[in-house]
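**Student:** Everything in the sequence shown is counted per my numbering, starting at 3 for the first residue and increasing by one.
Built from N, CA and C at the ideal position, the CB exists for glycine as well.
From a predicted model like this one, the values you see are computed outputs, not experimental measurements.
Take a look at the following structure, please.
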Amino acid sequence: MTTQVIILNGGSSSGKSGIVRCLQAVLPDPWLAFGCDSFVDALPAKMQASDGGIVFAADGEVSVGADFRALEVAWTEGIVAMARAGARIIVDDVFLGGPASQQRWQKALGELGVLWVGVRCESAVAAGREVARGDRIQGMAAAQADAVHQGVRYDLEVDTTHTESLVCARTIAAHVN
3 MTTQVIILNG GSSSGKSGIV RCLQAVLPDP WLAFGCDSFV DALPAKMQAS
53 DGGIVFAADG EVSVGADFRA LEVAWTEGIV AMARAGARII VDDVFLGGPA
103 SQQRWQKALG ELGVLWVGVR CESAVAAGRE VARGDRIQGM AAAQADAVHQ
153 GVRYDLEVDT THTESLVCAR TIAAHVN
């Protein structure tokens with residue numbers, strides 16, 4: 003089956019965004035990229051830090067409410083509609099719900115060709131990147147490093163702990179058909 007969608011799942015500061023940019027450069031066809039950060043940034047300000055929206059706790063824990071979930075479904079369906087219309091799509095996501103997050107994508111994607119990629123990074127390295135970025139709540143990377151992968155099935159896994167984004171992207175690209 004032809005790969006129409008690549009979904010990267012990994013914790014905060016694991017290196018997904020860098021891999022996405024490199025994938026767009028190394029894949030022969032044009033691929034659109036969409037990330038959960040863009041989705042969160044698109045939310046109305048009143049949904050950030052509200053029970054119905056998304057809340058980032060001081061320790062890095064993230065919780066989401068019903069309004070967030072409803073908009074997330076619409077966002078997911080919109081991305082899937084673009085893939086069904088012929089666009090090749092790369093999604094950068096954080097499966098806070100583990101297998102339930104993957105199942106939501108699987109249900110929406112149906113029979114589309116998907117390459118599921120786990121992006122791993124040692125907790126301490128991701129935490130160091132988080133501090134260097136300066137735009138994340140400290141603790142988020144460590145809390146998510148392993149949790150987002152529990153119960154999730156992948157076609158391929160890459161580890162950015164000691165491997166550059168471009169090398170990871172080339173590994174992923176070799177699995178795209």
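1. Quick test of your reading: I21 and V42, contact by CB under 8 Å. State the CB separation rounded to the nearest angstrom.
2. When DSSP labels each residue in this structure, what does R131 get in the three-state scheme?
3. Helix, strand or coil for R23 per DSSP?
4. In whole angstroms, what separates the C-alpha of R138 from that of A87?
5. Following the continuous beta strand (DSSP E) through A180, name the residue where it begins and the one where it ends.
6. Please report how far the alpha carbon of A145 lies from the alpha carbon of L45, in whole angstroms.
7. Helix, strand or coil: how does DSSP classify L114 here?
8. List the endpoints of the continuous alpha helix (DSSP H) containing I81.
9. Helix, strand or coil for R122, going by three-state DSSP, please let me know.
10. Return the first residue and the last residue of the alpha helix (DSSP H) that L168 is part of.
**Tutor:** Concretely, from the data shown:
1. For the purposes of this step, residue 21 is identified with residue 19 of the sequence shown, where counting begins at 1. For the purposes of this step, residue 42 is identified with residue 40 of the sequence shown, where counting begins at 1. About 19 Å; that fails the 8 Å criterion.
2. Looking up residue 131 in the sequence shown gives position 129. R131: helix per DSSP, three-state reduction.
3. For the purposes of this step, residue 23 is taken as residue 21 along the sequence shown, with counting starting at 1. It is helical.
4. Your numbering for residue 138 matches position 136 in the sequence shown. Your numbering for residue 87 matches position 85 in the sequence shown. Approximately 35 Å between the Cα atoms of the pair.
5. It is not possible to answer for residue 180, since the shown part of the chain is limited to 3 through 179.
6. To locate residue 145, count along the sequence shown from 1; it is residue 143. To locate residue 45, count along the sequence shown from 1; it is residue 43. Near 23 Å, if we compare the C-alpha coordinates of L45 and A145.
7. Mapped onto the sequence shown, residue 114 falls at position 112. Three-state DSSP puts L114 in coil, outside helix and strand.
8. By 1-based counting over the sequence shown, the position of residue 81 is 79. I81 -> alpha helix (DSSP H) spans 68 to 86.
9. Residue numbering aside, residue 122 sits at position 120 when the sequence shown is read from its first letter. Residue state, collapsed to three classes: strand.
10. The residue you call residue 168 lines up with position 166 of the sequence shown. Element bounds for L168: 167 to 175.
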